[in-house]
Amino acid sequence: MPKLTINGQSIEVPQGTTVIQAAKELNIPIAHYCYHEGLSIAGACRMCLVEVEKNPKLQIACNLPVTDGMVVYTDNPRVKDAVKWSLDFHLINHPLDCPICDQAGECKLQDYYMDYGLYTPEMDQRKVKKNKAVSLGDRVVLDQERCILCSRCVRFTKEVSKTHELGIFNRGDRSIIATFEDRPLNNNYSVNTVDICPVGALTSKDFRFKQRVWFLKDFDTICNGCSTGCNVKVSYNANGVFRVRPKVNKEVNGHWMCDFGRDIYKHTNKEYRLEAVVEKREDLSGATVKGKPVALALQEIGKNLKQAKNIALVLTAQYTVEEYEAFLNFFVGKLKVSSIYYWKNNETSFDSFDGLLIRGDKNPNTQGLLKAAQKHNVKLLPVTEFDKSASSFDFCILAAPENQAVYPDITEKCQMFKKSNEVVCITSCYNDSYNGFKWQIPAKSFVEKDGTFVNFKGVAQKIKAGVKIIPTSVSLEEVVYGLTESMGVSI
Ligand code: SF4
Ligand code: SF4
Ligand code: FES
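Using my numbering, read the sequence shown as starting at 10 and increasing by one per residue.
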């Protein structure tokens, strides 16, 4: 283990560690653009200059392996001056259009100008003009003038997605990022290039111009798009959720997430949500009544459940372990329900895997559901078998899927559920197929509740309530509390 000192602090690191990595261990910041932990070393930007004792020239920390006894300085006047002029080179042809740039507020040019720059530019030549707002594909836009040619995006398509769409073309100050033969940047991981672009050159079509980033807050949770369970940061404010970005977890998703996972926030926002209880009133010739308080609705449901002889539960793998526990404890443990159906989506491609992150099981918690069922000695019946006994059920309690986009059979399955006498549909999003159910109860989406998802590998990961979008919505645990209160059943 070589031992070195950086700015007077010593540290021992494994052989092969670079100076930039060792500095990170000591929480010593070193400016960088082209270096990224998840990519190969390019040594292109020359921002990470450091002074190494006994070495006449400044060195780039990203490509400098640590040696025993090395003495490094990252913040002396010589280093600061060199970094300042590296930054000036990057800004020579930069359009400085921060007021209309979507990266403003999280741009490394802005940040390093404040940390190392604060100079008066001496350049009096006209800036080189390049193309702005170039559509690279379905999800990504490029501003060639803002690009500092760090090559992170190129290395991503070469090394991670292995789709090779991007390259650096031309020479000198005419160099640009572009796609080969106009092949669009449409791989399933394309928006990662936006995340790793340190400046405002690559922006996301979905997010750009929607919100200034300083009006957003982030919280960490787990993507509910498939059984990989990528760790993510969700950005939100009082108007809802606006974007999802990956959070590093080397065991699960590394630095990345897929483009489908970027869309999971959409169904958490108000426009897709069931905002209040919907009740189909028998006494008013099928009229629909909205807005009964959830607690009152659950009381009424509870009273009727007490009389029920034959109850069916339909579960999807889109809820948390804690919710399955509460449900099975109550319905199996207390009410002795034995007709429990597992509504599994996309059965044909359920076990597929694209070799990077995306899994065919488009549920975050299949393992959690199966384990909870096993623990409670429950045999989960395929939902297709519901039809056989549908008319014998007084009640069908349906924990409907949150991400409806991956349940293409909703309409067909709902027709089947409607054959039972009374359906209680607990759902975070509305759907026309639910019309005609006796009850629709607004459920919390995954960004509004705490709990656990177990991924395909069996890794249990916590999700966190970070935002409240539908204040009346309830988790399955809260549904159980509401029911037990009116039924006088202790849990
Ligand atoms: S577009 Fe962004 S990530 Fe790609 S080379 Fe330019 S600055 Fe780097
Ligand atoms: S791979 Fe799966 S868990 Fe990861 S971001 Fe995509 S949908 Fe979400
Ligand atoms: S981060 Fe070291 S040269 Fe770019």
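The C-beta atom is built at its ideal place from N, Cα and C for all residues, glycine as well.
This one's a predicted model, so the numbers in the text were calculated from it and none came from an experiment.
On the CB-based measure, 16 or more other CB atoms within 10 Å of its CB, does residue i come out buried or exposed?
i	result
N246	exposed
P86	exposed
E486	buried
K466	exposed
S160	buried
Q112	buried
Y128	exposed
T297	exposed
Q449	buried
G146	buried
S199	buried
K447	buried
L96	buried
P108	exposed
S361	exposed
G497	exposed
P451	buried
G475	buried
N412	buried
N196	buried
A409	buried
G460	buried
S358	exposed
Q376	buried
I'd like to confirm the pairing. Which residues does DSSP put opposite residue i in its beta bridges?
i	result
C434	L407, Q449
V243	F228, V253
Q470	F462
R282	C438
I320	F404
K299	V287
P74	T27
V143	L151
N258	G263
Just verifying my parser: in three-state terms, what is the DSSP assignment at residue i?
i	result
S495	helix
I479	coil
Q18	strand
I349	strand
I101	coil
K66	coil
L151	strand
F12	It should be noted that the sequence gives Lys, not Phe, for residue 12. Looking at K12 - three-state DSSP - the assignment turns out to be strand.
Y44	coil
E288	strand
L58	strand
A313	First, the residue type needs correcting, since residue 313 is Asn and not Ala in the sequence shown. The answer is helix: DSSP assigns N313 an H, G or I state.
A304	helix
T325	coil
V489	helix
G270	helix
E457	coil
N338	helix
A53	coil
R3	Look at the range of the chain in this structure, 10 to 500, and you will see that residue 3 is not part of it.
K275	helix
K427	coil
C162	helix
Which residue spans inside the region 355–425 form an unbroken beta strand (DSSP E) run of at least 3? 404–408
Taking a cut-off of 6 Å, which residues have a beta-carbon closer than that to any heavy atom of ligand 3, in chain order? H41, Y42, C43, Y44, G52, A53, C54, R55, M56, C57, I69, C71
Inside the region 164–239 only - alpha helix (DSSP H) runs reaching at least 4 residues: 201–205
So within the region 76–133, which uninterrupted alpha helix (DSSP H) runs reach at least 4 residues, ignoring any that extend past its ends? 86–100, 117–121
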